[in-house]
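Start counting the sequence shown at 2; every next residue gets the next number (the working numbering).
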Amino acid sequence: MSAVHFAERFGYEPDGVWSAPGRVNLIGEHTDYNEGLVLPFAIDKRTTCAAAVREDRIVRVATTFAPEIVEIGLDEITADTVSGWSAYVLGMVASMRSARLVDGTGLDLMIDSNVPVGAGLSSSAAIECATGVAVRDLWGLEMTRIEVAKAGRVTENHVVGAPTGLLDQAASMLGERDHAVFLDCRTEEAESVPLHAEEAGLVLLVIDSKVEHSHATGGYRERKASCDYACEVLGVTALRDVTMDTLDDALAQLDPVTQRRVRHIVTENERVAQTVALLQSEGLGAIGDLMVASHVSMRDDFEISAPEMDLIVDTAMAAGAVGARMTGGGFGGSAIAVVREADVAAVSEAVVAAAQAAGYPTPVPFVAVPSHGAGRDSAIETAEAHA
Ligand code: GLA
């Protein structure tokens, strides 16, 4: 559809349409910026970017969710000149230029998306990666998937101003159907881990809590600052350098709050490694305890859960889920549950009823299918477009 929207807004046909998915993190939260381990998968909700090269050095961006067309000179894009939804698109254009030190050309870009916004499913990474693959192909840049993901992180860190890690963009770029992406954020090496959900009669149920805490950005930044502070005290480059074997020694040097933050990161890395091993040996049905342990660690040690989220996780488990945990940055957003196909309706109904009884926002459960990463959807030949 975004080709049609492009033609409506810009009055001519795009050169092509690209798309990128949102993500759910199966396990490994806040480990990414600590050079640790993560295990996300790309979901079957995507952002599309219909795009065309311009002859001048103007970039114009439009979207189906705002009326305006934002226009700026290619050389004028900085953190100070862009804001709002278009910062993700324009920031990515600038990051792609600097990633490859190319001059680039003007562009017209039309963004459309069905990744829910504010649900912790990385709608912003999906915009960045859809734009990234479009720009890569239109400018003929030789860039690997992880390099495009890194340009997305640069956009978040330096243009949008969020101190995030590589998790979201890596999932959006590297996702594969029926697989999770096991990424080592230190080496940036990734491996696709088969989930075989269907064969196991299991479903990945996302439960959008509809809770978006206003302190999410501040809380995220504070957690990152605690981790950086712990590294200073411990004299390590990143918390990845603390292992299960050295954890007690490390904790002995820290204040109680920092102890909890560090314990979450170190044990979470361990849980990701164990999850990957279990997926390979026994399958998706065996990882439930690790998911719940991860949630408890986020709730009690990293302190990034929310009462609404705890209720969703507890209720899902009581209603028969194999495993459940909050996913993403925290303070609201979505939970991910592994659920037997036969129990999906019961689990969904139970979380909705429990939230309503508690006077919380009504959560929205939906089944997520692990899907392919960012790429080109179609090429529209000029001749065909004008036929
Ligand atoms: C957000 C950030 C990611 C990651 C997660 C927590 O999604 O964008 O980089 O830190 O939170 O795991």
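For each residue, glycine too, the CB sits at the ideal point set by N, CA and C.
Quick one: measure Cβ to Cβ for residue i and residue j, integer angstroms, because I've assumed they're closer than 8 Å.
i	j	result
residue 90	residue 112	6 Å
residue 144	residue 100	7 Å
For residue i and residue j, what's the separation of their Cα atoms in angstroms?
i	j	result
residue 363	residue 118	16 Å
residue 318	residue 297	13 Å
residue 290	residue 205	15 Å
residue 385	residue 334	Low per-residue confidence applies at residue 385: pLDDT is 40, beneath 50, and the placement is therefore not dependable enough to give any value.
residue 86	residue 170	17 Å
residue 242	residue 131	34 Å
residue 116	residue 122	7 Å
residue 1	residue 219	The requested residue 1 is not part of the displayed model; the chain covers only 2 to 388.
residue 261	residue 348	31 Å
residue 148	residue 135	14 Å
Which residue comes first and which comes last in the alpha helix (DSSP H) that contains residue i?
i	result
residue 63	Careful: residue 63 lies outside any alpha helix (DSSP H), inside the beta strand (DSSP E) at 59-64.
residue 180	Per DSSP, residue 180 belongs to no alpha helix (DSSP H); it is in the beta strand (DSSP E), 180-185.
residue 326	Note, residue 326: premise wrong, no alpha helix (DSSP H); beta strand (DSSP E) at 324-328.
By Cβ distance below 7 Å, which residues in the same chain neighbour residue i in space, the five residues on each side in sequence not counted?
i	result
residue 316	351, 352 and 355
residue 88	160 and 161
residue 1	Any question about residue 1 goes unanswered here, given that the chain covers just 2 to 388.
residue 185	38
Taking residue i as the reference, give the member of the options with the closest Cα.
i	options	result
residue 304	224, 20 and 84	224
residue 42	140, 192 and 48	192
residue 181	169, 262 and 194	194
residue 172	124, 208 and 142	124
residue 80	45, 252, 156 and 102	156
residue 179	57, 6, 44 and 367	44
residue 54	40, 140 and 252	140
residue 12	21, 52, 26 and 240	52
residue 10	29, 64, 30 and 20	64
residue 49	93, 82 and 128	128
residue 263	276, 209 and 226	226
residue 310	257, 366, 265 and 6	366
Along the chain, where does the beta strand (DSSP E) that runs through residue i open and close?
i	result
residue 207	203-213
residue 27	17-28
residue 190	190-195
residue 109	108-114
residue 367	365-369
residue 287	No beta strand (DSSP E) holds residue 287; DSSP gives it neither H nor E.
residue 69	67-74
residue 47	38-54
residue 316	No beta strand (DSSP E) holds residue 316; the alpha helix (DSSP H) holding it covers 308-319.
Excluding the five sequence neighbours on either side, which residues of its own chain have a C-beta within less than 6 Å of the C-beta of residue i, listed in chain order?
i	result
residue 270	32, 37 and 38
residue 71	62 and 87
residue 338	206, 317, 322 and 325
Can you list, in chain order, the residues of its chain whose CB lies under 8 Å from that of residue i, leaving out five sequence neighbours each side?
i	result
residue 342	202, 203 and 204
residue 197	179, 284 and 285
residue 146	174, 175, 374 and 375
Run the proximity test for residue i: is its beta-carbon closer than 7 Å to any non-hydrogen atom belonging to the ligand FMN?
i	result
residue 34	Of the ligands one can find in the structure shown, namely the ligand GLA, none is the ligand FMN.
Any Cβ of chain C within less than 8 Å of the Cβ of residue i?
i	result
residue 47	Structure shown: chain C not included; a single protein chain is present.
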